[in-house]
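Mapping of the sequence shown onto our numbering: residues 97 to 294, in sequence order. Glycine included, C-beta positions come from ideal geometry on N, C-alpha and C. All figures in this text were calculated on a predicted structure; none of them were measured in a lab. A quick write-up on the structure given underneath.
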Amino acid sequence: MHKVRSIDLKRKKDFRPTRKNFLIVCEGEKTEPKYFEGFRLSKDIYDLEGLGTNTVSLVEQAIKLKNRKDKSYDQVWCVFDRDSFPQQNYNNAFTLAERNNIKIAYSNEAFEIWYLLHFHYHDAATSRGSYKKMLTERLGFRYEKNDPKMYDHLISKQTTAIKNSMKLFDSYANHLPANENPSTTVHELVQELNKYIV
Numbered sequence: 097m098h099k100v101r102s103i104d105l106k107r108k109k110d111f112r113p114t115r116k117n118f119l120i121v122c123e124g125e126k127t128e129p130k131y132f133e134g135f136r137l138s139k140d141i142y143d144l145e146g147l148g149t150n151t152v153s154l155v156e157q158a159i160k161l162k163n164r165k166d167k168s169y170d171q172v173w174c175v176f177d178r179d180s181f182p183q184q185n186y187n188n189a190f191t192l193a194e195r196n197n198i199k200i201a202y203s204n205e206a207f208e209i210w211y212l213l214h215f216h217y218h219d220a221a222t223s224r225g226s227y228k229k230m231l232t233e234r235l236g237f238r239y240e241k242n243d244p245k246m247y248d249h250l251i252s253k254q255t256t257a258i259k260n261s262m263k264l265f266d267s268y269a270n271h272l273p274a275n276e277n278p279s280t281t282v283h284e285l286v287q288e289l290n291k292y293i294v
């Protein structure tokens with residue numbers, strides 16, 4: 097009886113949700129794609145595109161990719177930063193994405209806020225130029241935007257990053273992403289991908 101119960105508990109622990117197909121479309125050509133490539137996912141579970149284009153254009157490209165005849169996706173995500181794009185462009189990207197059932201993992205002002213939140217809670221407005229020095233100090237080696245091992249460098253602190261990111265998101269009352277520096281919802285995409293780690 098005890099043995100059967102142990103097996104049942106193991107089965108419950110090893111349960112994985114039904115597999116989903118993801119399309120992740122990133123503004124950056126290298127920084128964000130290299131980070132998401134670090135996830136231990138079956139390669140046929142997601143398509144990852146680094147397009148090097150801005151907010152509205154990125155969502156438009158995601159819509160085209162989503163509507164391809166040769167592939168279907170359960171979840172489509174756009175990953176982009178606030179950068180210095182006009183507020184109108186930023187807001188329009190959110191509206192367009194919502195209309196087309198596309199989720200957004202945004203960062204204001206830069207994707208690096210997600211990295212920084214692995215080390216501690218940070219809610220002071222920060223320019224994108226400041227992140228390199230801050231991350232270099234915390235990592236203990238020179239931070240490079242296109243480091244293909246960033247996921248591996250940070251994975252042991254990912255739970256902390258998710259908690260800090262959620263706390264930061266909850267600290268804003270009205271949720272106007274263009275005005276919320278710093279802020280990020282990268283944790284939402286990370287939590288989804290974590291369900292399918294192999």
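- Relative to L289, the option among S138, C122, E125, K126 whose CA is nearest is S138.
- The three-state secondary structure of V152, taken from DSSP, is helix.
- Only exposed fits G236, as fewer than 16 other CB atoms lie within 10 angstroms of its CB.
- Under the Cβ criterion (8 Å, minimum of three pairs), the region 223 to 237 does not count as touching the region 117 to 124.
- Inter-segment contact for the region 270 to 289 and the region 150 to 167 is absent: fewer than three beta-carbon pairs are separated by less than 8 Å.
- In summary, A201 is buried, with 16 or more beta-carbon neighbours lying within 10 Å of its beta-carbon over all protein chains present.
- At least 7 Å separates the beta-carbon of N260 from that of L231.
- Minimum Cα-Cα distance from S168 among the listed residues V286, I141, N204, S226 corresponds to I141.
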